[in-house]
Amino acid sequence: MLARSFRFAVVTSFTLCAALLAGIACSDGDKEEADTPLPAVTAPTGNPPSGTITIQGQQFETWDPHFSNAAQDIAHFYMVWRGLYEFDLDSKPVPSMAEAMPSVSTDGLTYTVRLRAGATWSDGSPLTADDFVLGLQRTCNPDIASRYQYILNTVVGCDAYATSNGDPKATPPRPPKTAVEKEALRKAVGVRAVDATTIEYRLSSPQPTFTVLLAMWPTFPVPSKKIASVDAKWPGPLENTYNGPFMPSAYSEKSSITLVPNPNWTGKQRAQVARIVIKYIDDLSVANNAYRSGEIDATGVNLVELDAVQQDPVLSKELVEYPATRTIGLEFNLTDPLMTNRELRMALSQATDRATLNKIPNKGANVPTTNWIPPDRSGVSLGTYDSLIGFDISKAKASLVASKLAPADIKIALLLPDSPKNRTLGEFLQSEWRKHLGFDVKLEFADSRTVAARFNSGQFQIVINGWQEDFPDPENWMIGLWETKGSINKTKTSVAALDDLIAKAKFNQNDEARRQQYRDAEKVLLDGVNGIAPLWHTGHHRLVKPYISGMKESKRPGDVFVAGDWNPENWKTTKK
Amino acid sequence: MPNESACPSAIDSSRIMATPGPLAQAWRRLNSNRLAVVSGVILTVIAVVSILGSTTSFVQRHDPAAQAYTDATGTNNTDRSPNRVNWLGTDGLGRDIWARMLQATFFSLRIGIGAEAVIVALGISLGLLAGLGGQRTDRIIVWITDLAFAFPDILMIILVRQVLLGRDWPILGAGSPQIPGVPSALLLTVIAISIVSWVTICRLVRGQILSLHGQEYVLAARAAGASPWRTLRVHMLPNAISPVIVAITFGIPRNIFAEASLAFIGLGVPPPFASLGSLMSDGRAHLQTNSLLVIWPALAVAMLMLCFTFLGDGLRDALDPRSRRQRRASIGLAPRHR
Amino acid sequence: MTSYVLRRVMLMAPLVVTMVTITFLLMHAIEGGPFDTDRPLPPATQQRLQERYGLDKPLLQQYGLYLFRLAQFDLGISFASDRPVRDVIGERMLPTVQLGLTAFVFAVICGVGLGTLSALNQNGAWDFAGVFIATVGSALPSFILAPLLVIAFVLRLHWFDVLGWEFGNYHKMTLPTIAAGVLPMAFLSRITRAALLDVLNQDYIRTARAKGLSEFRVVVRHASRNAMIPILTVAGLLFAHSLTGSFIVEQAFAIPGIGKEFIDSVLVRDYGVMMGLTVTYTLIYALMTLVVDVLYAVVDPRIRY
């Protein structure tokens with residue numbers, strides 16, 4: 026009798042469970058919002074900062090700007106530190122800590138920058154030329170092991186100093202330099218303080234984009250009053266000194282950071298928010314639920330729900346969408362026997378329906394493309410290369426025939442980082458290629474570090490990969506990536522004409538001619554699908570509560586993680 | 054019910070049939086337990102349908118891998134709700150969920166049963182060795198079980214999987230299945246799950262043997278001059294095996310559950326395969342847009358869990374009617390999800 | 013018995029060393045290192061990073077160095093956050109232990125309570141409720157349960173918060189506690205119900221009843237003590253599980269605990285944290301196994317050590 030009632034209860038409860046699940050399924054339509062949107066009111070400048078803005082972000086890896094290259098770190102850095110220059114909304118460098126644009130010598134090798142009068146650190150001490158000298162030397166310091174030192178390789182002596190720890194694996198092995206030699210190399214780095222407010226940078230070859238680098242984190246200043254040498258430990262968020270609009274007041278790793286206005290910020294625009302809280306949430310579906318419940322005021326959109334957000338009467342009004350400077354495509358290993366076949370690469374590119382790919386697996390989140398450099402940077406309009414490598418079944422079949430390969434002989438694998446999104450993407454591509462080209466590509470899923478390791482060591486055939494711009498210039502889309510000897514050319518692309526064009530453009534002082542050379546280089550890169558078949562420019566999608574204003578977007582890196590360079594000094598909230 | 058006889062036959066049936074009395078009684082008791090019978094029937098139906106679904110297009114109805122973004126009339130065919138063509142609806146790529154569910158259920162059942170087979174083989178042999186092999190062997194095996202138990206499951210699974218996956222190992226190696234019908238993705242998952250789960254069965258068997266050592270009838274058999282092998286075969290094994298059978302029925306759904314948790318971390322079976330776990334974890338992000346993607350596999354997992362649990366309950370009652378031996382069985386039940 | 017316990021405690025040192033060795037070997041056998049980032053680093057930069065963290069040394073030397081440091085209770089440096097591993101683990105332990113203990117207490121109180129109510133009210137409403145909850149709890153994976161709880165209680169009812177864990181704030185404690193506690197609770201209530209029913213059918217309970225003792229006295233004095241034994245055994249294991257954190261629950265509520273840290277550390281190849289947490293987990297589990305084994309002997313005097 027006992028058993029019977031137990032079983033009855035179990036069966037009934039199971040039925041109820043099913044009903045509960047079904048109930049949740051059915052009640053999709055009646056989403057309601059706790060917060061009624063408030064009208065955005067523009068507060069006059071000069072008002073004391075008020076209100077708190079809580080946003081979703083991603084934990085930074087390191088607080089040391091001279092060590093980091095991670096986008097989420099950089100987003101934090103721009104909120105609390107500023108370089109000599111900063112980017113305006115058109116991604117053009119404009120003076121920040123500097124008084125004016127740099128004066129460049131006629132040979133293009135010497136840049137002289139004067140600091141703005143009255144610039145200070147958050148502790149009230151003055152910002153000096155020495156601070157910037159030490160900052161650049163820190164990035165070149167081999168013991169810091171900066172992940173981003175390589176962008177400074179035109180600065181005189183930076184590479185020599187950065188490699189002074191020797192290399193036992195080189196042939197012949199290079200022994201490490203002594204402390205005295207290293208000190209001499211540090212002093213030989215091409216940066217010096219002419220006087221307390223004037224800095225002079227010397228380059229080994231002219232670099233037209235050097236001013237851009239002076240707006241970036243590897244050249245940020247060091248509070249040299251506090252951090253005496255290049256080897257001193259970089260203090261954590263709460264112990265450090267800042268020259269940006271905000272500074273941390275509380276921090277808990279992997280949980281949140283709280284930023285308050287820097288009382289000694291000397292920039293043009295005063296901070297207008299009393300507190301910015303960045304909550305570290307990795308899982309966007311969790312963040313979006315927190316946004317819906319009003320716990321955070323801004324978040325990235327969980328892309329699998331993008332179409333639902335776009336159709337939601339409330340959320341669709343709070344959705345901010347903009348294209349990012351990121352291009353993703355199929356990258357080919359050009360040392361692989363099959364992948365060296367130009368026609369096969371063409372066939373794969375031409376058999377990929379980018380529009381449907383964007384619509385179905387990507388939920389319309391991105392911009393389908395055949396361009397490598399985003400149009401905003403190159404000036405080449407979208408679709409220019411469609412006739413060359415874009416979706417065209419008959420051309421794809423013709424290319425496959427021209428490749429002289431029988432479909433049965435084509436054994437290739439597509440490598441992807443494992444995620445629900447990439448599974449869908451991989452299965453989509455596999456199905457498309459089977460349909461149009463008649464062979465089965467093998468899908469390989471691995472965690473992102475494994476994928477990266479295989480990519481870096483050339484153990485792949487095709488991988489879904491791409492590039493996120495570091496600084497707003499076409500140069501950043503070419504140098505290092507596609508020259509035969511490029512330091513991060515992992516596809517082993519090697520085209521003589523491409524090498525030639527990049528080498529010419531790199532030192533070309535004529536801005537328009539330089540940009541044209543990069544446009545030509547892009548055409549050479551894409552003709553024959555050398556290295557990459559671009560698929561889309563990533564779109565960014567953010568939800569921002571209507572009571573927040575001033576979050577202007579400038580398409581720079583970091584936006585993927587935290588709305589860092591939405592210049593937080595412009596942010597306002599009317600929520601009390 | 055034919056499927057229930059499958060459980061006792063998992064062990065060497067001829068030896069057990071040597072003592073027909075208790076087993077026949079147990080079989081009768083099991084048959085009188087209506088819920089266990091119903092569970093058995095449901096499990097058989099699920100198993101048969103999923104096997105048929107993976108082999109005959111009559112049951113499968115659609116190719117689980119076939120993507121159709123629009124249907125014949127040109128309307129959107131992705132994320133559709135259930136209809137006459139797609140009984141359970143379609144997913145984000147326009148694939149038929151019914152076909153995918155059949156494929157996934159079959160795969161999950163194979164994971165659950167396959168992993169349990171490895172677990173039982175490893176667990177019983179090591180457990181017997183520990184219980185019978187003398188003090189020193191016992192100490193070594195206890196130490197190994199401690200090691201395996203204390204080793205973080207998830208780390209072990211991740212590490213083993215990462216070391217084995219996508220490399221050219223014999224049998225396990227990537228590429229076409231080297232054992233017909235057993236893809237390497239399945240084998241890998243089975244190994245990863247069983248390598249951390251054999252400990253419970255091993256401890257269970259060892260505990261049983263140690264406890265039976267002190268029983269009067271075993272002592273009596275020994276005193277009467279029975280060989281250790283005969284003592285084990287005739288007197289100890291039949292008595293030690295019933296909690297193991299119960300643990301097996303609870304173990305199978307637990308393995309299916311464990312695979313689901315792995316899928317959530319991103320370590321599930323890769324396409325073109327699908328398991329109930331990978332369906333759920335892929336669908337989880339769509340909970341607020343197309344919740345059917347989660348509901349169907351969640352219901353299937355819940356159904357499997359319940360049926361195996363009732364069957365296990367029934368078996369326990371049938372095999373050991375007087376004392377329900379909750380304690381020992383429960384050790385084998387302890388959830389180990391992290 | 014004492015010598016057995018002492019021997020087992022002493023065996024923990026080789027256990028930890030073996031564990032470190034296995035993890036170390038497997039860890040270096042898997043593909044991808046800590047500096048194989050999505051965005052490739054130039055070889056020279058990789059080389060300098062390897063030097064910075066001592067990864068350029070031969071493996072054997074790294075291994076020896078790790079054991080040497082471990083003997084001094086130094087767990088090394090985390091590559092991901094550039095901080096001592098001990099600090100990282102200490103910091104992450106706090107929310108996990110708080111959540112684990114809360115969930116454990118919740119599971120014990122509700123599980124044992126429901127199980128007892130079920131057993132004492134066979135066929136009654138409480139029996140039904142207990143079995144219902146146990147069934148729901150054990151049939152839904154927590155990575156589905158957690159978002160369902162959020163949708164129901166946060167987005168529809170607005171009772172609680174999605175984010176975080178804050179000890180003492182029920183808005184932030186309730187849902188993670190339920191999500192982490194339901195499975196052990198379901199399990200405990202099943203065990204309790206069965207164990208209590210088992211005991212209530214024993215001869216000595218019948219004797220006690222026959223003596224005319226009140227039902228309350230029968231249950232509290234005689235039945236509960238014997239029924240507690242299997243419950244305690246299981247609870248020991250559940251306790252260890254709850255202290256090691258749950259990746260799924262921590263991820264679902266954005267709680268910075270060790271469950272999530274562990275998975276993250278493996279995914280980014282943060283060797284220091286991975287090894288540090290392996291050692292921590294090993295000790296927790298080894299201790300709990302010992303406790304459970306001792307409980308075995310206490311429970312069943314026929315088992316000899």
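Residue numbers (my numbering), protein chains in the order written: chain C, 26 to 601; chain A, 54 to 391; chain D, 13 to 317. Positions of the beta carbon are idealized from the N, C-alpha and C atoms, including for glycine.
Measure the CB-CB distance between residue i and residue j and report whether it falls below 8 Å.
i: Ala-296/C; j: Pro-286/C; result: yes
i: Trp-151/A; j: Arg-192/A; result: no
i: Thr-164/C; j: Leu-177/C; result: yes
i: Leu-468/C; j: Pro-324/A; result: yes
i: Pro-46/D; j: Asp-282/D; result: yes
i: Val-25/C; j: Met-272/C; result: Because chain C is modelled from 26 through 601, residue 25/C falls outside the range shown and cannot be assessed.
i: Leu-368/A; j: Ile-298/A; result: yes
i: Val-278/D; j: Leu-208/A; result: yes
i: Thr-204/D; j: Gly-123/D; result: yes
i: Ser-131/A; j: Gly-145/A; result: What sits at residue 131/A in the sequence shown is Thr, not Ser. The answer is yes: Cβ separation under 8 Å.
i: Ile-121/D; j: Leu-161/D; result: no
i: Pro-571/C; j: Arg-540/C; result: no
i: Ser-456/C; j: Gln-120/A; result: yes
i: Thr-135/C; j: Glu-225/C; result: yes
Who are residue i's beta bridge partners in DSSP?
i: Gly-564/C; result: Pro-348/C
i: Tyr-305/C; result: Gly-82/C
i: Tyr-276/C; result: Ile-282/C
i: Gln-493/C; result: Arg-351/C
i: Phe-112/C; result: Pro-118/C
i: Phe-357/C; result: Ile-487/C
i: Arg-227/C; result: Thr-135/C
i: Glu-469/C; result: Leu-440/C
i: Pro-559/C; result: Gly-354/C
i: Lys-597/C; result: Ser-574/C
i: Ile-260/D; result: None; Ile-260/D has no bridge partner.
Quick one: list the residues of chain D neighbouring residue i, beta-carbon separation under 7 Å, in chain order.
i: Glu-320/C; result: Asp-173, Val-174 and Leu-175
So with CB distances below 8 Å, who are the chain A contacts of residue i?
i: Phe-155/D; result: Ala-313, Ser-314, Phe-317, Met-333, Ser-334 and Arg-337
i: Ala-83/D; result: Within chain A, no residue comes near Ala-83/D; the closest Cβ sits about 19 Å away, beyond 8 Å.
Name the chain D residues that come within less than 9 Å of residue i, Cβ to Cβ?
i: Thr-179/C; result: In chain order: nothing, as chain D lies at least about 15 Å away.
i: Gln-215/A; result: Leu-38, Ala-41, Ile-42, Glu-43, Gly-44 and Val-278
Mind pulling the chain A residues with CB within less than 9 Å of residue i?
i: Ile-385/C; result: Gln-120, Tyr-122, Thr-131, Gly-145, Leu-146 and Gly-147
i: Ser-456/C; result: Ala-118, Ala-119, Gln-120 and Leu-146
So residue i contacts chain C; which residues on that side make the cut at Cβ distance below 7 Å?
i: Thr-302/A; result: In chain order: nothing, as chain C lies at least about 15 Å away.
At a CB-CB cut-off below 8 Å, which residues of chain C make contact with residue i?
i: Pro-323/A; result: Asp-443, Arg-448, Leu-468, Glu-469 and Phe-470
Can you list the residues of chain D that residue i reaches, using a CB-CB cut of under 8 Å?
i: Ser-175/C; result: A small correction: the amino acid at residue 175/C is Tyr; Ser does not occupy that position in the sequence shown. In chain order: Pro-54, Ala-56 and Thr-57.
Using a Cβ distance threshold of 8 Å, determine whether the stretch 168 to 187 of chain D contacts the stretch 91 to 103 of chain D, with at least three qualifying pairs required. no
Report yes or no: do three or more beta-carbon pairs, one from the stretch 207 to 225 of chain D and one from the stretch 144 to 158 of chain D, lie closer than 8 Å? no
Report yes or no: do the stretch 136 to 156 of chain A and the stretch 329 to 348 of chain A share at least 3 C-beta pairs separated by less than 8 Å? yes
Pair every Cβ in the stretch 559 to 574 of chain C with every Cβ in the stretch 516 to 527 of chain C, then say whether three or more of these pairs are closer than 8 Å. no
Contact residues within the stretch 339 to 369 of chain A, judged by C-beta distance below 7 Å to chain C: His-339, Gln-341, Thr-342, Ser-344, Leu-345, Ile-348, Ala-351, Leu-352, Ala-355 and Leu-359
Under 8 Å, CB to CB, which of the residues in the stretch 133 to 163 of chain C have a partner in chain A? none
Give me the subset of the stretch 504 to 518 of chain C whose CB atoms are less than 8 Å from a CB atom of chain D, sorted by chain position. Gly-505, Ser-512, Ile-513 and Lys-515
Check each residue of the stretch 235 to 266 of chain D: if its Cβ is closer than 8 Å to any Cβ of chain A, include it; give the result in chain order. Ile-241, Pro-242, Thr-245, Val-246, Leu-249, Leu-250, His-253, Thr-256, Gly-257, Ser-258, Phe-259 and Ile-260
Inspect the CB distances between the stretch 377 to 387 of chain C and the stretch 480 to 493 of chain C and report whether three or more fall short of 8 Å. no
Please name the residues in the stretch 178 to 209 of chain D whose beta-carbon is closer than 9 Å to at least one beta-carbon of chain C, in chain order. Arg-205 and Leu-209
Along the stretch 321 to 352 of chain C, what residues have a CB closer than 8 Å to any CB found in chain A? Asn-327, Val-329, Glu-330, Asp-332 and Ala-333
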